[in-house]
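What follows is a short report on a single structure.
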Amino acid sequence: MNKPFIIRGDIIFSNQDKSLNVNKNSYLVSDGYKSLGIFKRIPKKYKDYELIDYKGKLIIPGFSDLHVHAPQYQYRGTGMDVELMEWLEKYAFKEERKYGNNTYAKKAYKMFVDELKNGYTTRASIFATIHREGTRILMKLLEKSGLSTYVGLVEMDRNSPDYYRQASVEEALKDTEQWIVESQLFDNTYPIITPRFLPTCSDELMAGLSELRKKYNLKSQSHLDENPLEIQFVMEIEKDVDHYSGGYIKFDMFGLDHDCIMAHCVHNNEEEIKLLKDRGIFVAHCPESNMNVTSGIAPISKYLDMGIRVGLGSDVGGGSSLSLLRAARQSIQVSKLYRRCIDMNLRSLDSKDAFYMLTRGGGEFFGHVGSLEKGYEFDCVVVDDSKIKTLLNDSPEERIERLLYLGDESLIVAKYCKGKKII
Ligand code: GUN
Ligand code: FE
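Per the numbering used here, the very first residue in the sequence shown carries number 110; after that it's consecutive.
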């Protein structure tokens with residue numbers, strides 16, 4: 110374990126009810142892994158701990174990226190001319206195929222991991238590709254970075270090009286089990302079962318993945334109800350289910366007995382929304398991707414107000430940027446369009462909702478993560494927001510709001526994950 114220490118600054122995190130917990134000029138104590146609490150004065154019992162003084166700086170929890178495709182990083186910010194299903198064929202599969210080449214994988218994944226490490230994100234749930242060795246290369250780089258992440262070997266054996274699909278169910282499952290076993294080596298990088306989405310996974314593959322998930326007690330992640338043309342296709346090929354979610358439920362790949370992230374959830378019907386709640390699904394809200402591949406706007410305020418678990422995802426390369434500050438401001442902006450253009454009965458999101466999703470909302474997937482209260486894992490970012498110029502004297506709430514709208518990675522002074530300083 111790392112040495113215990115104390116940092117001082119203006120400490121702000123989200124309460125469970127999404128209000129801000131503000132601690133001006135206070136001390137945050139770490140035992141080298143977890144938070145031991147926040148104090149106005151250093152308690153006697155901690156007086157020998159090293160003090161790192163960030164007076165005047167903001168100290169906030171690290172962000173969780175609940176949905177991102179590492180192999181799509183290279184073409185991020187391009188390929189925005191088509192909708193989802195065409196986009197997968199035209200860009201995603203073609204790029205992901207290249208990760209069968211380990212030299213390419215090493216070079217490309219290093220760029221991805223470097224940027225992730227230097228941002229506000231401390232936790233992420235990541236899609237790799239169908240290649241076992243390439244995925245291991247990504248996991249090694251992540252392990253070295255000090256971030257704490259879940260990584261999925263992507264599974265797909267139908268409705269995908271011959272050049273980019275697993276050769277057979279048997280081979281896919283054998284490969285996956287070997288990868289799960291090999292991954293036990295890592296301390297901070299964990300395997301997660303990752304059927305790409307229902308259209309690309311046969312019943313046999315889903316059944317086998319489900320068995321592996323249970324055998325090794327793993328979490329799972331996939332995509333759900335993202336785009337109208339995708340949903341139409343699912344309903345054409347899945348004759349025995351009433352809705353998209355039913356295709357995952359059939360194979361116990363939809364929460365309930367395990368933590369499960371479903372990315373997007375833009376077009377869930379009422380029954381499916383209820384299932385998100387009843388089964389404790391984590392929704393990964395990816396507003397930029399939903400705009401870029403013409404998917405729509407997810408009704409996130411409704412989800413939050415129902416008590417559905419929601420975090421934010423960058424969804425690179427459907428989204429163009431790994432910066433979750435951007436995802437946060439976009440989540441607020443698209444919620445206003447939803448209200449004005451789709452349903453005036455839904456409230457729009459505000460900066461407190463967005464900050465909650467960035468930290469506590471997404472963090473819950475990783476355990477006691479996303480807050481700075483005593484007992485939470487010590488993930489935080491120290492931010493010099495005085496670089497955002499203004500003559501006004503912002504309240505703590507306004508400092509957070511400005512950070513979401515105007516902040517970028519150049520404001521970061523330090524970042525800790527599980528009590529370890531990583532930048
Ligand atoms: N659905 C299946 N695969 C993908 C992907 O790579 N990106 C997005 N946005 N949606 C998907
Ligand atoms: Fe995605």
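Heads up, the beta-carbon is just placed ideally off N, CA and C, and yes, glycines get one too. Every value quoted in this text rests on a predicted model; they were computed, and no experiment measured them.
- Taken through DSSP and simplified to helix, strand or coil, Lys323 comes out as helix.
- Taking 3 residues as the shortest admissible run, the stretch 134 to 203 contains the following complete beta strand (DSSP E) segments, listed from N- to C-terminal end: 144 to 148, 159 to 170 and 172 to 178.
- Cβ neighbours of Met265 within its own chain (closer than 7 Å, five residues either side excluded): Ile239, Arg274, Gln275, Arg305, Thr309 and Cys310.
- In this structure, Asp119 has its CB at a distance of at least 8 Å from all heavy atoms of the ligand GUN.
- Looking at the DSSP output, Arg388 bridges to nothing.
- Contact annotation: Phe172 and Thr468 have beta-carbon atoms nearer than 9 Å.
- By the Cβ-count criterion, Val290 is exposed, with fewer than 16 other Cβ atoms from all chains shown falling within 10 Å of its own Cβ.
- Its chain contains His176, Ala372, His373, Leu421, Gly422, Ser423, Asp424, Gly427, Gly428 and Ala436 as the residues whose beta carbon lies nearer than 8 Å to that of Cys395, once the 5 sequence neighbours on both sides are disregarded; these appear in chain order.
- Shortest gap from the CB of Arg305 to any heavy atom of the ligand GUN: under 8 Å.
- Phe363 sits in coil when the DSSP states are folded into three classes, being neither helix nor strand.
- The beta carbons of Leu282 and Leu321 sit about 7 Å from each other, so the pair counts as a contact at 8 Å.
- For Pro300, the closest of Leu327, Asp174, Leu458 and Lys323 by C-alpha to C-alpha distance is Leu327.
- Within the chosen limit of 8 Å, the ligand FE reaches the beta carbon of Phe236 through at least one heavy atom.
- Inter-residue distance for His178 and Glu204 is about 11 Å (C-alpha atoms, whole angstroms).
- Counting along the chain, the unbroken beta strand (DSSP E) around Cys369 starts and ends at Cys369 to His373.
- With 6 Å as the limit, the residues whose C-beta approaches any heavy atom of the ligand FE more closely are His176, His178, His332, Ala372, Asp424 and Gly427, in sequence along the chain.
- Remark: C-beta atoms of Gly479 and Gly470 approach each other more closely than 9 Å.
- The nearest non-hydrogen atom of the ligand GUN is less than 8 Å from the C-beta of Val402.
- Between the ligand GUN and Ser480, a heavy atom-to-CB distance of less than 8 Å is absent.
- Under the three-state reduction of DSSP, Cys450 is assigned to helix.
- In the three-state scheme derived from DSSP, where H, G and I count as helix and E and B as strand, Leu467 is classed as helix.
- With fewer than 16 other CB atoms across the displayed protein chains lying within 10 angstroms of its CB, Met415 is exposed.
- In this structure, the straight-line span from the alpha carbon of Leu446 to that of Ala201 is close to 28 Å.
- When the beta-carbon positions are compared, Ile340 and Asp334 come within less than 9 Å of each other.
- Every beta strand (DSSP E) of 3 residues or more that sits fully in the stretch 460 to 518 is shown, in chain order, as 489 to 492.
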